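Comments concern the structure below.
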Amino acid sequence: MDQNTIDVGVLKLTKEDFSSDQMVKWCPGCGDHAILHAVENVFPELGIPKEDFVVVSGIGCSSRFPYYMNTYGIHGIHGRAAAIATGVKLANPRLSVWMITGDGDSMAIGGNHFIHAIRRNIDINLLLFNNKIYGLTKGQYSPTTPQGTKTKTSPQGTFERPFNPGTLAIGAQATFFARTLDTNPKAMTAVFMEAARHKGTSVVEILQNCVIFANKTHELITGRETRDDNQLFVEHGKPLIFGKEKNKGIRLNGTSFEVVTIGKDGVTEKDILVHNQYERDPGVHSMLAAMMPPEFPVALGVIRAVKQPTFNDAMMASIEEESAISPVKNMDDLMNSGATWDIE
Amino acid sequence: MTTKNSKVVELEQVVIRFAGDSGDGMQLTGSLFSDSTAFAGNDFATFPDYPAEIRAPQGTVSGVSGFQIHFGQKTVYTSGDQADVLVAMNPASLKANMRWVKKGAIIIIDIDAFVDKGIEKAGYKADPTTDGSLHEYKLIKAPISTLTREAVKHLDVDMKTSMKSKNMFALGVVMYLFNRELDQVNRYFEKKFKSNPLVVETNKAVLAAGYSYADTVELFATTYKVEAAPLERGRYRNITGNVATAWGFMAASEKSGRPLFLGSYPITPATEILSELTNYKNLNVKAFQAEDEIAGIASAIGASYTGAMAITTTSGPGLSLKSEAIGLAVMTELPLVIVDVQRGGPSTGLPTKSEQSDLMQALFGRNGEAPVIVLAAKSSADCFFSAYEASKLSLEHMTPVILLTDGSLANGSEVFKVPAMAELPAITPPLALPNDPEYKPYRRDPERLNRKWAIPGTPGLRHRVGGLEKEDGSGNVSHDPLNHEKMTKLREAKVQKVADFIPKQKVYGADEADLLVVSWGGTFGVMITTVEKMQAEGKSIALAHFKHIMPLPSNTEELLGRYKKIVVCEINNGQFVKYLKMNFPQFRYEQYNKIQGLPFMVAELENRFNELLKQ
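Structure representation (structure tokens):
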């Protein structure tokens, strides 16, 4: 019951096969445009027939996404995309299901569906556009807005501690978590490819900029001046090294991380923690996902990718097994089985 | 056991109520008697009366579990008003059930349980077996506990096991009273406890002891026999409303060729539909227990878009939570059946009691103009056919359908004539064909006004749907004012057109009469019983019982106009009557409403109808 994958060369799909004829109505300069382009670039490369993609979304700016893709798609209701996508995948596990959501859609109103889809490990790709604001309703704080931020509904600054989608997802037993930036198309494409290949719920957090209501919210991470010291591209099997000079690294000190400089205080590359995205223990992955500037760089790339059975595979296997062993093959069999009696 | 020390009297119909503590096995006792009733060829209906708590304190009124069976030699429509026979295994079950017992009824008690402590626990001030309060009844004081122990003395069983089988002693007594053979019950023991011969022997011995006891001590001067009912030729089984609902959906799925998907969240009294459907992976049923009510329906909408025959099942509070998602199904014009097994409301209300109070919610409980088809099942067995029809209408007309059942249909059981799949009507969903150059997501069929169903995975039909208003034809997002008006009217007209595809409203009785009784949904049994009884007495009365609520059958207006008086009877504060007034304000409607979490009784309906006939 795997996805209907065939050789990419046979299909010869291009980006144009997935571009819809609808006018894209996001604001000029919105990070969503770059994400759309990246997805359009990834789909033709997956070896999946174009009629086998379904793009599902909830409500919010990002959730207009399905209208801009020439695939099957559902623009759902607020927060429920994960549940809708679950129904799509269970009804036909051969489809490649992509869920598009935002920080309001999945961290607030849809928080319950978000954690349960992840817990079940339904084989869908979940792209979470995190701009840390409610955009479509014009600028109220969201569950990921940094504490103290002034918005339309927090004139004195928010009192709430924000969610970190990565630690929340890993806490919900995510088998895949990656983080990427709307300003880096190459990295974004690579991460989407990895997400598509992973079997199970692939959660990708995209730090996306809302030019109107939370402009430069990710500035420390994406700004030309500061980005090198605040971005850490994790790569499986490689040490966690970052910085303009590529001389800073993450070292485990007791049960915490610390930033160290190679060549200083006797620190060598050997002291730096090596990334293992396949580690089943979620501890280090959760710590990596939690890192935030200014204390730490933000971890980008595939943070966690572990193999676990998916709900859809388990359900299909059970259907196959029961169908094989049960003597009841249809409704006539069922209705005539068990305690019945005949009137002559 | 062939010669009996009593004379045999023939009865037309009987109601028996078995009652005991939650742990006394009264449901099994009742269901074994039901099997024997089926074997005797009677028509019958049953209703279990469980406590709301799983293990309420032993010996208290709140811990009493009951099972009622109504059987007869004619058609049986309900589980019966009041019992002719009550079996009460302890003081609490006697106390809890006296209101359901006819004056003069036979009451069989386990006198061993009527000790001071038990009597006090039940809340009696004095021993009801000696204080004269039961002088109007035929009270049988049987030492059931003692005789049960006695009956298994020769077997190597402990006290606990022997006491667990005392319900079979009571069953033996009742089997004697109604001249039933024990063989069938014994065969059940042999099959059920195959791996434990001692349990088989224990149960057989206790059952036989109850039977012989009734005979030898001449408990009853008279025993009874109910002749077989003239049921149509065919195969029969006993079925509850919830199981019938589940099976109706499975039958519709098989007939339509669309795999069944259920998204649901446990809620009383609807949960059993979900649990029943989880048993049929062999028939490719995908029953998904979601994280909440909203995820239940949202997953079903996803599955429907993907080509499944999608359903979601719930009760009133869950229907409230699903409202927004039902609107999405209306807007996306996808097939979806929502089952609401109604219970007493509002809020958590009376979870284990039945009511018909979600009608308005089903009809109107959504934002915007959001019409859906509304059907209501009329009996436990009819839940099968109602679920089947709801699926057929939903799939063929590409629209959500709300199917209303209720707690009493859901848990009650009745005799179900097993249909042959070949005899059920065809279900033909309007599937779009691969690479159809004419395909447009919202292009409509002129006859039904439905759109085509284009299923992901099909080449050449990629399209998007969603909750935003759609442009007529193309299905593109549209904020055009006139388009919105047009689409609103099209969605309404699509549902109204269904009236051309459902049967005309039937009337039981003459075309014209002094009184037309109007009812809907789960009350059919008691309504038809009452009306037929009054008709036999020569009263000018007829019954119109509605299953199709939205749209109403096309002859409804004409029909209502033919009768001198109309009385609308509902287990709510008057919802269907408001709906009729809204649609047909030219008529005058009398009402009879009951909002006690209890079903109608024949007697109360009769009184009301006689009153109206006299005026």
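Protein sequences appear in the order of chains C and Y.
Here the first sequence is numbered in the working numbering, starting from 7 and rising by one per residue.
Here the second sequence is numbered in the working numbering, starting from 1284 and rising by one per residue.
Cβ coordinates follow ideal geometry from the N, Cα and C atoms, glycine included.
The model shown is predicted, which means the values in this text are computed figures rather than measured ones.
- For Y:Arg1747, the nearest CB of chain C lies under 8 Å from its own CB, placing it at the interface with that chain.
- Bridge pairing for C:Lys138: absent [DSSP].
- Taking C-beta atoms as the reference points, Y:Phe1532 and Y:Ile1580 fail to come closer than 8 Å.
- Distances from the alpha-carbon of C:Thr151 to those of C:Phe169, C:Phe135 and C:Leu142 put C:Phe169 closest.
- For Y:Gly1531, the enclosing alpha helix (DSSP H) covers residues Gly1524 to Ser1539.
- Remark: C-beta atoms of Y:Lys1421 and Y:Ile1394 do not approach each other more closely than 8 Å.
- Per DSSP, reduced to three states, the secondary structure at C:Arg185 is strand.
- When 7 Å is used as the limit between beta carbons, C:Ala311 is near no residue of chain Y, the shortest such separation being about 24 Å.
- Within the region 1568-1598 of chain Y, those residues whose Cβ lies closer than 9 Å to any Cβ of chain C are, in chain order, Val1568, Lys1569, Phe1571, Ala1573, Glu1574, Asp1575, Ile1577, Ala1578, Gly1579, Ile1580, Ala1581, Ser1582, Ala1583, Ile1584, Gly1585, Ala1586, Ser1587, Tyr1588, Thr1589, Gly1590, Ala1591 and Ala1593.
- Annotated three-state conformation of C:Val45 is helix, per DSSP.
- Annotation: the continuous alpha helix (DSSP H) that includes Y:Leu1765 extends over Pro1764 to Gln1779.
- With 16 or more neighbouring CB atoms inside 10 Å of its own CB, Y:Phe1503 falls in the buried class.
- C:Glu211 carries a strand assignment under DSSP once its states are collapsed to helix, strand and coil.
- Under the Cβ distance rule, Y:Trp1530 counts among the residues neighbouring chain C, one pair being separated by less than 8 Å.
- Per the DSSP secondary-structure output, Y:His1353 pairs in a beta bridge with Y:Val1298 and Y:Ala1328.
- For C:Val103, the pairing in a beta bridge is given by DSSP as C:Val60.
- Taking 8 Å as the cut-off, the Cβ atoms of C:Ile115 and C:Ser69 do not count as close.
- At least one CB of chain C lies nearer than 8 Å to the CB of Y:Asp1318.
- The shortest CA-to-CA distance from Y:Thr1635 to any of Y:Gly1313, Y:Ser1662, Y:Pro1331 and Y:Glu1840 is the one to Y:Pro1331.
- In this structure, C:Pro72 lies near C:Ile80, with their beta-carbon atoms less than 8 Å apart.
- The Cβ-Cβ distance between C:Ser25 and C:Glu46 falls below 8 Å.
- Considered as a whole, the region 225-252 of chain C harbours 237-239 as its complete beta strand (DSSP E) runs of no fewer than 3 residues, in chain order.
- By the Cβ test, the region 161-168 of chain C is not in contact with the region 86-100 of chain C, since fewer than three Cβ pairs between them sit closer than 8 Å.
- With fewer than 16 neighbouring CB atoms inside 10 Å of its own CB, C:Met29 falls in the exposed class.
- Residues of chain Y with a Cβ closer than 8 Å to the Cβ of C:Pro72 are, in chain order, Arg1747 and Gly1749.
- Counted as a single uninterrupted DSSP element, the beta strand (DSSP E) harbouring Y:Met1833 occupies residues His1831 to Met1833.
- Rounded to whole angstroms, the gap between the alpha carbons of Y:Phe1327 and Y:Gly1349 is 17 Å.
- Put simply, the backbone Cα of C:Arg86 is about 37 Å away from that of Y:Thr1806.
- Contact note: Y:Met1704 reaches chain C through Asn336, Met337, Asp338 and Met341, using a C-beta cutoff of 9 Å and chain order.
- Burial is judged here by how many other beta carbons sit within 10 angstroms of a residue's own beta carbon; C:Asp271 has fewer than 16 and is exposed.
- Here DSSP, grouped into helix, strand and coil, assigns Y:Gln1879 to coil.
- Secondary structure at Y:Tyr1471: helix, using DSSP grouped into helix, strand and coil.
- If you keep only unbroken beta strand (DSSP E) runs of at least 3 residues inside the region 1331-1404 of chain Y, you get 1347-1355, 1366-1371 and 1384-1393.
- Listed in chain order, the non-local C-beta contacts of Y:Gln1296 below 6 Å within the same chain comprise Gly1355, local neighbours out to five positions each way being set aside.
- Annotated three-state conformation of C:Ala345 is coil, per DSSP.
- Of Y:Leu1835, Y:Ala1529, Y:Tyr1846 and Y:Tyr1791, the smallest CA-CA separation from Y:Lys1816 is found for Y:Tyr1791.
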